[in-house]
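Only one structure is covered here, and it is reproduced in the block below.
Here it is, written out as structure tokens:
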């Protein structure tokens with residue numbers, strides 16, 4: 002999905018007592034024809050959190066028969082993408098031959114490296130019925146030495162991702178290490194991604210990382226003396242132990258890790274080198290990227306903007 006500009010809803014003034022919060026960011030909703038995407042990263046001020054350079058919250062959306070997710074083939078370079086669903090299912094296909102349905106609790110990791118094309122659609126039996134989709138899509142920068150790595154795709158089923166329960170809070174460690182467990186999901190640099198569900202009044206100490214962003218998927222949570230509302234990301238100051246408390250039943254995602262430096266972003270192309278993006282744009286316009294087996298009739302053109 003393509004990038005769009007965000008407005009930063011609010012800045013947190015540390016002198017006013019926000020404690021561990023450096024900034025609060027409210028994503029901009031984008032309606033894709035009955036399908037809502039909330040884009041938090043990148044925005045006008047915060048371009049990344051650790052290696053994470055893109056954070057989309059899609060849905061929840063409900064579709065009638067004949068409607069649904071139908072993202073035509075499009076390219077990526079020099080990043081890894083992560084897809085995780087709370088509800089529904091999506092069919093992933095790509096130019097290295099991957100053909101994988103992702104369902105709730107699974108995680109798809111696509112390493113785009115030197116270049117890959119993929120599509121996101123639905124199986125006919127899903128599309129022809131009443132159904133819903135709800136999940137997260139994230140982009141992760143790769144270290145410069147790995148940007149041109151061979152493209153690869155990894156699927157991790159729900160039972161492969163470690164779960165822990167701490168004081169009645171259910172936690173899933175999606176990527177990285179936290180709470181004494183380590184996720185099997187491949188990483189290229191110090192990376193953190195966890196999700197947790199908290200009943201009203203429950204508390205959770207957040208794991209540390211060089212940079213952290215707390216996104217509230219559902220409900221509201223207190224972070225020290227600040228209420229972080231649903232669909233808001235709190236950028237947390239470095240090296241501070243923080244505890245959240247659920248104001249109501251809540252679901253959160255925490256992303257973070259070590260920053261990897263500036264990345265240029267143009268449409269679906271991301272790289273540490275601006276000239277690499279220009280090359281990818283020419284290659285896509287000239288149809289020099291590889292096709293997706295079984296899904297090569299359509300594609301998304303590079304967008305042009307009229308002044």
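Numbering (the working numbering), first residue to last: 2 to 308.
From the three backbone atoms N, C-alpha and C, an ideal C-beta is built for every residue, glycine too.
This structure is a prediction, so every number in the text was calculated from the model and none was measured.
| query | result |
| --- | --- |
| Residue 282 - containing alpha helix (DSSP H), residue span | 275-286 |
| 7 Å Cβ shell around residue 88 - same chain, five flanking residues per side excluded | 61, 105, 133, 134 and 135 |
| Where residue 15 falls, given that 16 or more other Cβ within 10 Å makes a residue buried | The predicted model places residue 15 with a pLDDT of 32, which falls under 50 and marks its position as unreliable, so this point remains unresolved. |
| Beta-carbon spacing of residue 92, residue 139 below 7 Å | no |
| Cross-strand partners of residue 268 (DSSP beta bridge) | Paired residues: none, contrary to the question. |
| The region 93-103 touching the region 38-49, judged by at least three CB pairs closer than 8 Å | no |
| Exposed unless 16 or more other CB atoms sit within 10 angstroms - verdict on residue 148 | buried |
| Distance CB(residue 96)-CB(residue 304) smaller than 7 Å | no |
| CA nearest to the CA of residue 202, picked from 182, 195, 211 and 168 | 168 |
| Identified DSSP bridge partners for residue 41 | Note: residue 41 sits in no beta bridge, so no partner. |
| Cα-Cα separation, residue 71 to residue 85 | 17 Å |
| Exposure label - residue 196; buried when at least 16 CB within 10 Å | buried |
| Beta-carbon proximity list for residue 191, same chain, < 6 Å, skipping 5 on both sides | 258 and 259 |
| Closest by C-alpha distance to residue 234, when choosing among 246, 254 and 247 | 254 |
| Local Cβ density within 10 Å of residue 228, reported as buried at 16 or more and exposed below that | exposed |
| Continuous beta strand (DSSP E) assignments of at least 3 residues falling wholly in the region 235-264 | 244-247 and 251-258 |
| Check whether residue 300 and residue 152 have beta carbons under 7 Å apart | no |
| Cutoff 8 Å; reference residue 181; Cβ partners in own chain excluding five residues on either side | 165 |
| DSSP three-state assignment for residue 125, whether helix, strand or coil | helix |
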